[in-house]
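**Student:**
Residue numbers (our numbering): 36 to 479.
What follows is the structure, given as structure tokens:
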């Protein structure tokens, strides 16, 4: 069994004859030549086919290598029929489409257009306008009125760099007037701003400076007063805002004079008088409330100015208010407001003039007894220095305090502070001694 077993590698394999059709027929003894003769590798399908006169080609290569590839076959096989060419030509000749037709956009589509400013530059970063600058600053003052003193100089410096022509000055006046009458409760700050600008704006053209142009703008509304007080609700609301702004402007606007101290605009004093006559000419609730607000704001200053000129305009206005309370068909709340206004004027508009210390008496100084103490009787009635018997009772209280707290009584409570006649009660003295002995015993 072991005689025919050959352990050499590849033993017995040389006698096997090759049966592959691609291999040449060889003898039995030449085994190595059988395995050395290999079939050449087939060329890739994407590469050009091998030509027949290629010397490297072998007779053993199959006929597939000489076949043309499929892409080349498709190129030669496909051809455009003449009928299709004719149909395309006829379609072109009969079509109504045009290459010059405008571009089509859907109905909901808005084509993009680049914004170009007047100077020809792109409008992506537009410069801030004077209106935007003023509106932003006024909005800031409305939200933070306490910053007026700290920021107004910076604002005026910016406006001086912007306002360089008569047109820009007129635009500035219109912007400030509009915002001062449109923003609620901004008339006070707006009047202060107008006063500051009237003294610090550099530009002063021939048509007038800032103050003169502002007064001209106010005159335009003043001339429409008779129509405004009888207009609709919106018209009256705008007119009332204008009236209150004019009152604040009269109090804040200073007109400098070379001969003396600054004074108020005289033209505004006359205008306010006529505006109140217009409000009282149509005594509806809105007009009367506006008149009450105006007199509470400027009543004391107006009366002083009229008294200096020897006029009794305030007396005439009060008399007219009393007649309106009796005759006008206004609401009960408005009548109460008018009556309180009359009382306020009778008390000199709530003003109290402090008298000198040497001239102060209970008759001319309502605060004469302010620093005096207030006592209460047994039934809880207050007893003040204004009572006739106050001085005598107060002196009795002071004497009684001297009896309880003698002058030679020291604060530290030494025994020397007690008189010799003062003796401790026997029971209290015994209790005190007992307490001292008990404390001494506990310490031990």
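Just so it is clear, CB atoms sit at the ideal spot from N, CA and C, and this is done for glycine as well.
Every value quoted in this text rests on a predicted model; they were computed, and no experiment measured them.
For residue 179, does the three-state DSSP call read helix, strand or coil?
**Tutor:** Three-state result, residue 179: coil.
**Student:** Could you say if the stretch 224 to 239 and the stretch 250 to 270 meet the contact criterion of at least three C-beta pairs nearer than 8 Å?
**Tutor:** Contact fails: fewer than three Cβ-Cβ distances are below 8 Å.
**Student:** Less than 7 Å between the beta carbons of residue 434 and residue 369, yes or no?
**Tutor:** No, Cβ-Cβ distance for residue 434 and residue 369 is not below 7 Å.
**Student:** With the cut-off set at 7 Å, would you say residue 376 and residue 336 are in Cβ contact?
**Tutor:** No, the pair does not count as a contact, with Cβ atoms beyond the cut-off.
**Student:** Going by the CB atoms, is the gap between residue 312 and residue 264 shorter than 7 Å?
**Tutor:** No, they are not a contact pair.
**Student:** Jot down the residue ranges of each uninterrupted alpha helix (DSSP H) in the stretch 219 to 301, minimum 4 residues, whole runs only, in chain order.
**Tutor:** With a minimum length of 4 residues, the continuous alpha helix (DSSP H) runs that stay inside the stretch 219 to 301 are 222 to 235, 245 to 257, 260 to 263 and 268 to 287.
**Student:** Counting beta carbon pairs with one atom in the stretch 271 to 286 and one in the stretch 299 to 307, are three or more of them shorter than 8 Å?
**Tutor:** As far as the Cβ criterion goes, the stretch 299 to 307 touches the stretch 271 to 286, which means the pair count is three or higher.
**Student:** Residues in its own chain within less than 6 Å of residue 481 by CB, not counting five upstream and five downstream?
**Tutor:** Outside the modelled stretch of the chain, which goes from 36 to 479, sits residue 481, for which no answer is possible.
**Student:** Here's a check: name, in chain order, each residue in its chain whose Cβ is nearer than 7 Å to the Cβ of residue 29, leaving out the five neighbours to either side.
**Tutor:** Residue 29 is absent from the structure shown; the chain starts at 36 and stops at 479.
**Student:** Tell me which residues share the same chain as residue 466 and place their Cβ nearer than 8 Å to its Cβ, disregarding the 5 neighbours each side in the sequence.
**Tutor:** Correct list: empty, nothing qualifies.
**Student:** On the three-state DSSP scale, how would you describe residue 461?
**Tutor:** In the structure shown, residue 461 sits in a helix (DSSP, three-state: H, G or I).
**Student:** Less than 8 Å between the CB atoms is what I'm expecting for residue 228 and residue 204, so what's the real figure, rounded?
**Tutor:** Actually they do not touch by this definition, with Cβ atoms about 15 Å apart.
**Student:** Using the Cα positions of residue 240 and residue 357, report the straight-line distance between them to the nearest angstrom.
**Tutor:** Residue 240 and residue 357: Cα-Cα distance of roughly 48 Å.
**Student:** Counting only runs of 4+ residues fully inside the stretch 115 to 143, write out the alpha helix (DSSP H) ranges in chain order.
**Tutor:** The stretch 115 to 143 contains these whole alpha helix (DSSP H) runs: 117 to 129.
**Student:** For residue 490 and residue 300, I'd like the C-alpha separation in whole angstroms.
**Tutor:** Because the chain is modelled from 36 through 479, residue 490 falls outside the range shown and cannot be assessed.
**Student:** Please list the terminal residues of the continuous alpha helix (DSSP H) segment that includes residue 200.
**Tutor:** That residue, residue 200, is in no alpha helix (DSSP H); it is neither H nor E in DSSP.
**Student:** Our contact map puts residue 207 next to residue 165 with C-beta atoms below 8 Å; I'd like the distance itself, whole angstroms only.
**Tutor:** Yes, residue 207 and residue 165 are in contact; Cβ-Cβ is about 7 Å, under 8 Å.
**Student:** Measure from the alpha carbon of residue 170 to the alpha carbon of each residue in 235, 118, 190 and 185, then state which is nearest.
**Tutor:** Residue 190 is the option with its Cα nearest to residue 170.
**Student:** Do residue 314 and residue 325 come within 7 Å of each other at the CB atom, strictly closer than that value?
**Tutor:** In this structure, residue 314 lies closer than 7 Å to residue 325 by Cβ.
**Student:** Could you spell out where the alpha helix (DSSP H) holding residue 385 opens and where it closes?
**Tutor:** Looking at the DSSP string, residue 385 is not in any alpha helix (DSSP H), and its letter there is neither H nor E.
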